[in-house]
Each structure stands twice: as structure tokens, then as C-alpha cells.
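*Asks:*
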Amino acid sequence: MLASRNVRAAAGARVAAAPGQRAILAARPGRRTLIAAKAQKKEIMMWEALREAIDEEMERDPTVCVMGEDVGHYGGSYKCTLGLYKKYGDMRVLDTPICENGFMGMGVGAAMTGLRPIVEGMNMGFLLLAFNQISNNCGMLHYTSGGQFKTPLVVRGPGGVGRQLGAEHSQRLESYFQSIPGVQLVACSTVRNSKALLKAAIRSDNPIIFFEHVLLYNVKGEAGGADEVACLERAEVVREGTDVSIFTYSRMRYVVMQAVNDLVKKGYNPEVIDLISLKPFDMETISNSIKKTRKAIIVEECMKTGGIGASLSAVINESLFYELDHEVIRLSSQDVPTAYAYELEAATIVQSSQVVEAVERVVGGRVAAHA
Amino acid sequence: MCRRSIGCAHCSYTSSLGYSCPGVAPGDTARPKVPARMQTMLKQRTGLRAGQASRRVMKVRAVAAPVKTAATAAAKTPLVTPEAAKDLYYDMVLGREFEEMCAQMYYRGKMFGFVHLYSGQEAVSSGVIRLLRPDDHVVSTYRDHVHALSKGVPAREVMAELFGKKTGCCRGQGGSMHMFSAKHNVLGGYAFIGEGIPVGLGAAFQSKYRRDVLGDEKADSVTCSFFGDGTCNVGQFYESLNMAALYKLPHIFVVENNLWAIGMSHLRATSRTSGDNDPHIYKKGPAFGMPGVLVDGMDVLKVRQVAQEAIERARRGEGPTLIEAETYRFRGHSLADPDELRSKEEKARYQARDPIPQLKSYMLEHGLATEADIKELEAKVMEVVEDSVKFAEESPKPERGQLLENVFADPRGFGIAENGLYRYQQPGFSSGTAIVS
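From first to last, the protein sequence lines stand for chains A and B.
So in this note's numbering, spot 155 of the first sequence is number 207, and the numbers just go up one at a time.
So in this note's numbering, spot 218 of the second sequence is number 547, and the numbers just go up one at a time.
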């Protein structure tokens with residue numbers, strides 16, 4: 053019975069701990085299950101999963117096309133469109149010149165007139181040059197036109213702090229884009245959710261800004277089939293728990309889960325929620341968690357000022373104030389440009405030891421291992 | 330073409346001759362001396378008395394693929410059919426009367442904000458847009474009322490939009506600077522100049538995609554983007570020129586050069602093209618691989634001729650064209666602009682070239698319309714314009730419920746609330762009072 057529950061948990065279903073069982077770690081099925089699962093389905097890397105998503109959606113719908121720098125012949129700087137131009141041609145996988153604002157606007161115009169472009173920013177940071185088009189046209193045009201034109205674009209690309217890429221290649225644009233009315237922000241984190249969410253984003257009639265992370269492209273895992281399409285507005289319960297709710301997204305999910313390993317050994321039982329939808333927040337999942345644990349910690353890679361955590365913290369404060377025993381803790385990146393030197397870069401972003409320390413502080417002394 | 334002097338013989342030169350003006354200083358209105366060698370060339374080339382300005386001088390300067398000057402200059406038969414001429418006249422008068430009515434309504438407190446009128450530039454809108462098909466697209470800037478009217482958006486819908494009523498083409502949500510019409514393929518109305526051009530490119534891309542990828546052989550719709558001299562210094566203009574030529578998109582760039590970007594003279598904002606005394610925008614076309622054509626934007630028939638060629642080129646799949654139309658706005662930049670920097674002489678000079686009386690005399694001269702026909706067209710315009718005001722006045726204002734409706738095409742974009750329902754399913758969403766964040 054435990055093995056099958058483990059398999060279901062690994063597949064992403066929410067499974068409560070059985071009596072007498074340790075809390076199930078959805079990302080950690082038992083060893084025998086793991087080997088069996090590997091034999092059934094193959095593990096692929098996240099870039100392959102994203103590529104599968106794009107390929108499947110392009111095959112399914114001939115109006116889906118890709119635009120961006122080096123997406124065609126080069127195959128994408130992170131291989132997310134590897135070889136697709138051979139299958140679909142140069143127009144459906146369009147290599148653009150280096151003019152972000154220009155080709156983003158071209159994507160908007162194509163979307164308004166019936167196509168479904170996926171516009172890639174080679175690095176999300178480059179999309180600062182496309183801010184005019186993303187804000188004014190992607191986001192606001194449906195409203196300004198009185199509902200006459202929709203902009204079903206997906207704007208995707210790698211962001212976040214990599215390995216010593218320097219300040220400009222290490223930006224977290226989710227905080228800059230979050231105020232734009234009319235766009236949805238989604239951040240993928242696992243192989244499975246990256247494929248399912250990208251498919252959903254491509255099929256959505258809303259403009260979706262889809263955040264991938266530079267350091268997650270080689271993460272391995274199982275991807276779903278052609279019909280597995282996630283919900284863009286739902287958060288993911290990574291680990292059920294009772295002591296504290298840890299809200300996170302993108303690569304910080306792995307940092308949190310690393311901290312959780314240590315915490316579990318110390319007897320803690322944290323609940324981990326991957327936000328997935330950075331805007332809008334899934335208030336059902338978030339409030340259910342906080343009502344259960346009464347403590348909230350946000351772990352993000354954004355800067356502290358004006359980040360996703362800032363918005364989430366405000367929302368939790370306003371709507372769940374009486375459900376909290378403790379102020380909302382925000383663990384965010386320092387408000388400094390990301391240095392090149394390894395040690396300074398590491399000091400800029402949140403490390404798992406900080407997460408452990410925050411949980412210990414919030415939950416209080418050692419807690420006996422849960423029944 | 331140098332704008333500083335009137336009827337200067339130098340301006341009848343095609344730039345492909347490599348001739349540049351011997352340097353007329355700013356403010357100098359005296360006619361510069363035309364070298365003898367050039368005088369003979371002038372006579373041979375245009376068949377005109379040198380130094381005489383005439384409306385019939387074909388002031389179209391193509392940098393690549395020159396327009397056939399001789400044939401059209403000497404044309405005795407009219408350039409358009411009576412039906413087309415009347416359509417153009419009606420359209421220009423509609424544009425003029427509508428804009429003048431907007432000025433009245435603005436000062437009476439019926440419309441607010443930034444309103445930019447097109448008076449004086451009608452020849453460009455009518456000359457280009459009346460040639461387009463319903464499935465062709467138009468993109469504009471904030472000076473977009475008349476582009477929308479020329480494309481076929483009913484005057485009622487535009488006026489109601491200006492009054493901020495829910496019967497406006499954008500339900501009152503766009504306003505003067507954001508005229509959109511899905512039915513008539515008007516892709517906006519943009520407040521930031523330059524940001525509409527790539528959108529227009531996207532529509533052209535879609536047209537080519539339909540043909541080449543989706544296999545629709547009949548897909549040959551074109552897109553025209555309209556913008557001014559000020560826009561020609563915005564980066565997106567150059568990014569768009571490059572991509573349009575690179576991908577051979579069926580897109581026509583129409584520059585409405587009225588010499589002024591609010592209070593910034595074109596001559597002070599834009600560097601001169603090499604060897605010229607003026608910053609020629611049309612010359613930037615060939616630099617990107619497309620023909621650049623300069624046309625007298627106060628003459629609707631010339632604009633129409635140039636546009637016809639560009640549209641046919643685009644439909645044949647030969648790519649984009651850059652058209653620079655020399656034009657002028659009779660009013661200030663917007664209704665809030667005191668318009669103190671432009672000289673009275675300059676304004677008078679262009680008023681004398683008003684496109685509407687020009688077309689009127691052409692029609693009468695060539696028997697395309699009688700005085701009675703023209704009066705009938707004018708009366709019809711007044712009827713339409715007055716009706717549009719009445720309609721706008723009587724239309725209801727938007728309800729609170731409109732607040733949240735069109736933010737997302739898929740209302741699930743507002744997310745899931747605490748109770749597990751999507752926010753758009755909560756009470757108060759359709760009445761615009763729901764909390765959505």
C-alpha cells in the first residue's frame with residue numbers, strides 16, 4: 053500500500069500521510085518505486101521537456117509559432133527549440149535580429165491577427181528592452197481595445213541567478229513585470245510542471261510570461277504525455293506538513309527542499325508550496341496552508357524590494373492576519389546587483405542554511421518527530 | 330526636398346541625379362540662383378518653365394524604382410474615375426469636419442485628455458486607406474481618428490469613444506489615442522509613437538504566414554502603418570524597417586511628415602542625410618533594402634498613385650515600401666498645444682495647399698463632379714458628423730461592471746480566491762466591485 057501511495061505522490065497527487073507513516077515527500081518516492089518507475093518511463097531534462105511541449109503544441113495547432121534570437125538554426129541558446137526549424141520551417145521557428153522591442157511588438161501584432169506566437173527572450177533580462185511592448189501592448193491592449201483584440205502570446209526565457217554570469221545576466225524580471233495589468237506570470241520548476249505548464253500557456257488566450265531558470269535546464273525528471281496540461285493558476289503542494297508554510301518558486305524550490313532534508317532530521321515538519329502562478333496567486337492553496345500551520349515563510353530569488361514576496365506578504369497580511377501566529381518572514385535576494393565573484397554571488401541569494409534558520413526561529417525549539 | 334523656399338526650382342530635381350541644394354540658409358526665402366546647366370536639365374526633364382511652381386509638377390521623388398514622371402505630368406485624362414474622386418472627396422471632407430467638430434466638443438467639455446487632430450493631413454489618410462481592402466490592416470499613432478474613419482469605422486463609434494461612452498468602438502476604454510476596430514481591421518491607436526509599427530509588422534507577418542505556412546494562396550492582405558517625422562527617430566522604426574525588408578513583409582510605412590513633433594522642428598531633431606540640406610526620411614528606405622518614395626502629401630491624387638504602387642508591390646510579395654508624405658497639420662499638436670512656435674508664413678503657405686479645395690477644383694476641371702454633386706457630398710458629411718454627436722451625447726456611459734471585464738481574454742487570469750472559486754466567478758465581478766488581487 054505504501055509503495056502505491058508513494059508512486060501517486062511522485063506523480064504529483066496530493067497524498068496525506070497514512071497513520072504511522074512519515075509524511076510523504078512528493079519528490080522522493082521509495083527506492084524500489086524509483087527503479088520501477090524509471091524502467092517504465094524515461095527521465096528527460098527540463099530543456100527536453102520544454103522542447104517537447106513546444107513541438108507537441110506546434111503540431112497540434114498550425115498557428116503556433118516561435119520567434120526569438122537563435123531559436124531556429126542554432127536551436128535555442130538553451131536548446132529548447134533544438135531541430136524544430138527542420139520540422140516546421142524557418143517561418144514557424146523564426147530567427148529574429150537583435151531587436152527585442154521590435155520582435156516582441158511583431159509577436160503582439162501576429163497574436164492580435166490570429167497567430168499564437170511564443171516569443172523567446174534569450175535571457176529574460178533582455179526583455180527589459182521589450183518592456184514597452186510587454187506592458188503597453190501585451191498586457192493592456194485587450195482592455196484598451198474594449199475586448200476586440202486578444203494577445204495570446206507566451207513570452208518565455210531563462211532568468212534567475214546562474215553561475216557567475218554577472219549582474220545583467222542574473223536578473224529576476226518577475227518583480228518588474230508583476231504590476232502590469234493583463235498578464236499572467238508563471239514560473240516552472242520541475243520537468244513535469246515545466247512541460248505541462250508551457251502547454252497550458254501556449255493554449256491560453258491570455259498573454260503569459262513564462263519564467264524558466266538558467267540552472268534548471270539540466271534537471272532530470274519525468275514529463276507527462278501530450279495531453280497533460282497543467283492549470284496555470286494553481287500552486288503545487290510539494291510537501292505536506294504542519295509546522296510552517298514555506299512558499300517558494302523556481303530554483304528556490306530545490307534550495308528549500310534541501311533545507312527540508314535537514315529540518316526533517318531535526319524533527320520539523322514543514323509544508324512546502326511551490327507558487328507556480330506568481331500572478332495571480334492561488335489564494336485557495338495559500339490560505340489553506342496558512343490556516344493549518346499559522347506560520348509563513350517566503351523564499352524567493354527576487355530582490356526583497358518590490359519582489360513577488362513583497363506582494364505575497366502584503367496579501368497574506370491583509371487577508372490572513374488572524375490566522376498567523378508570527379509575522380510573515382521573507383527570505384529574498386539582497387538589494388544589490390549580482391556580483392561576478394562566486395562568494396559574493398552566493399551571499400546575494402538565499403542559501404538553504406538561511407531557510408533552516410528561519411524555520412527554527414519561527415517554529416521555535418526542537419519539535420518531537422511527528423506521529 | 331528643401332522646404333524653406335516657395336517654388337524653388339531646385340526642388341524639382343530627382344535626388345538620383347545626385348544634385349544637392351546649394352545651401353539655402355534657414356529663414357532665407359529668396360529664390361536661389363539655379364545654375365545654367367541645371368536649368369537646361371530641368372527643362373528637358375520635366376518640360377516646365379524652370380522656377381515655376383505648379384501643382385502639376387510631379388513632386389514624387391523615388392530613390393529606387395522612380396515613378397514615371399513624364400506620363401503623369403502631361404496627363405490630360407483624369408487620374409481617377411468619378412466614383413473614386415467622389416469617394417476621396419467625401420472621405421477628406423468627413424475627416425476635416427469630424428476633426429473640427431472634435432475641437433468644438435473638446436472646448437465644450439464633452440471630451441477630455443489629449444486629443445490630436447488631423448486637420449490638413451486628410452490627403453494622406455484618404456489617398457492611402459481608400460485603396461485598401463476590408464481585410465487589409467491599418468496601424469496608427471495617437472492622431473488616429475481620421476485613419477479609423479477612412480478605414481470605415483462609423484463616425485458614431487469614433488465620436489462615442491471620444492465622449493467616453495460605452496457605445497464607442499472600444500467601449501469607452503480606449504479614448505482618442507486608442508481607436509481599435511476588429512471589424513474594420515484597425516489595429517490601434519497608440520500613445521507611444523513607434524510602438525504601433527512592430528504591431529503592424531506582426532499583422533503583415535500573419536498575412537505572409539497564412540500564405541506560406543498555412544497554404545492559403547489567396548492570403549495577400551497588406552498592412553499600412555502611419556506615423557510622423559518624430560517617430561522616425563525612435564529605435565522601433567529602424568528595427569521595423571530592418572525586419573520588414575528582411576522578411577519581405579507586405580507592410581507599407583507611411584510617414585506623415587508635418588515638420589513638427591509638438592514643438593520640435595524636424596530640422597532640429599533629425600540629422601541630415603549625407604549630401605542633403607534636409608533630413609530626408611524616405612532616403613532611409615534603401616539603406617534597409619526597400620524603395621523610399623517622397624510624395625506631396627497635400628495632393629490626394631499623388632498620394633493615391635504612390636500608395637497604389639506600394640500596395641501592389643506588397644501584394645505581389647515583393648516586400649515593404651517607405652513612403653514619406655510631405656504634409657502639415659493646420660492645428661496645434663493637440664488641443665492643449667498653444668502652437669506658438671510655427672510661423673504664420675509657414676502656416677499660410679500650407680493652408681494655400683489645402684488638399685480639399687485642390688481636389689474640388691480638379692474634379693470640376695475634369696468633369697468628375699458638378700457643383701451640385703460636391704454640395705451633396707458636403708451636406709451628407711455634415712449630416713453624418715452631426716448624427717455622430719447626437720449619438721454620442723445620447724449614449725450611456727460605461728457601467729461599473731465594465732471595469733474588470735476585458736482585462737483578460739480568459740477571465741481565469743485573475744486567479745483563484747480563498748474559497749476555491751475563480752475570482753471571475755465571485756459575486757461582484759460582473760458588477761465591477763469584486764476584489765481581484
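No residue lacks a Cβ here, since even glycine has one placed at the ideal position from N, Cα and C.
Just so you know, these numbers come straight off a predicted model, no measurement behind them.
1) Does the beta carbon of R741 (chain B) sit closer than 8 Å to a beta carbon anywhere in chain A?
2) Going by CA-CA distance only, name the one from B:L530, B:V584, B:N587 that's closest to E568 (chain B).
3) At least one CB of chain A closer than 8 Å to the CB of D545 (chain B): is that the case?
4) Could you run through the region 157 to 179 of chain A and flag, in chain order, every residue whose CB is less than 9 Å away from some CB of chain B?
5) Got a sec: is the Cβ-Cβ distance from N195 (chain A) to anything in chain B below 8 Å?
6) Taking Cβ-Cβ distances shorter than 8 Å, what residues in chain A pair up with G749 (chain B)?
7) Mark V388 (chain A) as exposed unless 16 or more other C-beta atoms lie within 10 angstroms of its C-beta, in which case mark it buried.
8) Could you compute how far the alpha carbon of L697 (chain B) sits from the alpha carbon of Y691 (chain B)?
9) Going by Cα to Cα distance, which pick from B:V629, B:M593, B:S603, B:E715 is closest to E669 (chain B)?
10) Considering only the beta carbon of each residue, do G234 (chain A) and M192 (chain A) sit closer than 8 Å?
11) Would C151 (chain A) pass as an interface residue toward chain B - the criterion being a Cβ-Cβ separation below 8 Å?
12) Leaving out five residues on either side along the sequence, give the residues of the same chain with a beta carbon under 8 Å from the beta carbon of M355 (chain A).
13) What did DSSP end up calling F556 (chain B) once you bin it into helix, strand or coil?
14) Along the alpha helix (DSSP H) that carries F427 (chain B), what are the first and last residues, could you check?
15) In the structure shown, what three-state DSSP assignment does E700 (chain B) receive?
16) Using three-state DSSP, classify K251 (chain A) as helix, strand or coil.
17) Measure the C-alpha to C-alpha separation of V409 (chain B) and L630 (chain B) and round it to an integer number of angstroms.
18) I need the straight-line Cα distance from P411 (chain B) to F427 (chain B), nearest angstrom please.
19) Along the chain, where does the beta strand (DSSP E) that runs through E288 (chain A) open and close?
20) List, in chain order, every chain A residue whose beta-carbon is nearer than 8 Å to that of F492 (chain B).
21) For Q760 (chain B), which residues of its own chain have a beta-carbon under 7 Å away from its beta-carbon, when the five flanking residues on both sides are left out?
22) Run the CB neighbour count on Y753 (chain B), radius 10 Å, all protein chains shown included, and call it buried at 16 or more, exposed below.
23) Does DSSP put K331 (chain A) in a helix, in a strand, or in coil?
24) Short of 8 Å in beta carbon distance, which residues of its chain neighbour L249 (chain A), apart from the five on each side in sequence? Order them along the chain.
25) What does the alpha-carbon distance come out to for the pair A590 (chain B) and Y519 (chain B)?
26) Identify which residue in A:T294, A:I360, A:G359 has its Cα closest to the Cα of T345 (chain A).
27) Distance cutoff 8 Å, beta carbons only. Does P114 (chain A) sit that close to anything in chain B?
28) Could you tell me the alpha carbon to alpha carbon distance between R215 (chain A) and A391 (chain A), rounded to whole angstroms?
29) For a test of the three-state rule: what should DSSP assign to I685 (chain B), helix, strand or coil?
30) Just to confirm before moving on: does the CB-CB distance between I610 (chain B) and E641 (chain B) stay below 8 Å?
31) Should N699 (chain B) go down as buried or exposed, given a rule of 16 or more other Cβ atoms within 10 Å for buried?
32) For M421 (chain B), which option in B:Y436, B:F566, B:V453, B:R437 has the closest C-alpha, if you only look at C-alpha atoms?
33) Mapping the DSSP letters down to three states, classify Y751 (chain B) as helix, strand or coil.
34) Going by DSSP, what residue range makes up the alpha helix (DSSP H) through I526 (chain B)?
35) Taking Cβ to Cβ, would you say I360 (chain A) is nearer than 8 Å to E352 (chain A)?
36) So for C354 (chain A), helix, strand or coil by DSSP?
*Replies:* Reading it off the structure:
1) So, interface residue.
2) For E568 (chain B), the nearest C-alpha among the options comes from B:L530.
3) So, not an interface residue.
4) Listed by position along the chain: G157, M158, G159, V160, G161, A162, A163, M164, T165, G166, L167, P169.
5) The sequence given here has Tyr at residue 195 (chain A), not Asn. Yes, because at least one Cβ of chain B sits closer than 8 Å to the Cβ of Y195 (chain A).
6) The CB of G749 (chain B) comes closer than 8 Å to the CB of E336 in chain A, given here in chain order.
7) Burial call: exposed.
8) Each residue's alpha carbon lies about 8 Å from the other.
9) Put simply, of B:V629, B:M593, B:S603, B:E715 the residue whose alpha carbon is nearest the alpha carbon of E669 (chain B) is B:M593.
10) Closer than 8 Å, so yes.
11) True, the Cβ-Cβ gap to chain B drops below 8 Å.
12) Short of 8 Å from the beta carbon of M355 (chain A), and not among the five residues preceding or following it, lie these beta carbons of its own chain, in chain order: R224, S227, S384, S385, Q386, D387.
13) It is a strand residue.
14) From DSSP, the alpha helix (DSSP H) with F427 (chain B) extends over 411 to 436.
15) Looking at E700 (chain B) - three-state DSSP - the assignment turns out to be helix.
16) Looking at K251 (chain A) - three-state DSSP - the assignment turns out to be helix.
17) Taking the straight line joining both Cα atoms gives about 8 Å.
18) Cα to Cα, the separation comes out at about 24 Å.
19) Residue range 288 to 291 is occupied by the beta strand (DSSP E) that includes E288 (chain A).
20) Simply none; closest approach about 14 Å.
21) Correcting the residue type first, residue 760 (chain B) is Ser in the shown sequence and not Gln. Cβ neighbours of S760 (chain B) beyond the five flanking positions: R729, G730.
22) By the neighbour-count rule (16 or more Cβ atoms within 10 Å), Y753 (chain B) is buried.
23) In the structure shown, K331 (chain A) adopts extended strand secondary structure according to DSSP, grouped into three states.
24) Non-local beta-carbon contacts of L249 (chain A) in its own chain, meaning distances under 8 Å to residues more than five positions away in sequence, involve V238, C240, F262, A282, L284, I328 in chain order.
25) Each residue's alpha carbon lies about 15 Å from the other.
26) Ranking the options by Cα distance to T345 (chain A), first place goes to A:T294.
27) Under the Cβ distance rule, P114 (chain A) counts among the residues neighbouring chain B, one pair being separated by less than 8 Å.
28) Counting only the Cα atoms, A391 (chain A) lies some 10 Å from R215 (chain A).
29) Helix.
30) Not closer than 8 Å, so no.
31) Note on identity: in this sequence residue 699 (chain B) is Thr, with Asn being the wrong assignment. Classification for T699 (chain B): exposed.
32) Selected option, being the one with the closest Cα: B:V453.
33) Correct three-state label for Y751 (chain B): strand.
34) Counting along the chain, the unbroken alpha helix (DSSP H) around I526 (chain B) starts and ends at 525 to 541.
35) Taking 8 Å as the cut-off, the Cβ atoms of I360 (chain A) and E352 (chain A) count as close.
36) Of the three classes helix, strand and coil, the one that applies to C354 (chain A) here is strand, per DSSP.
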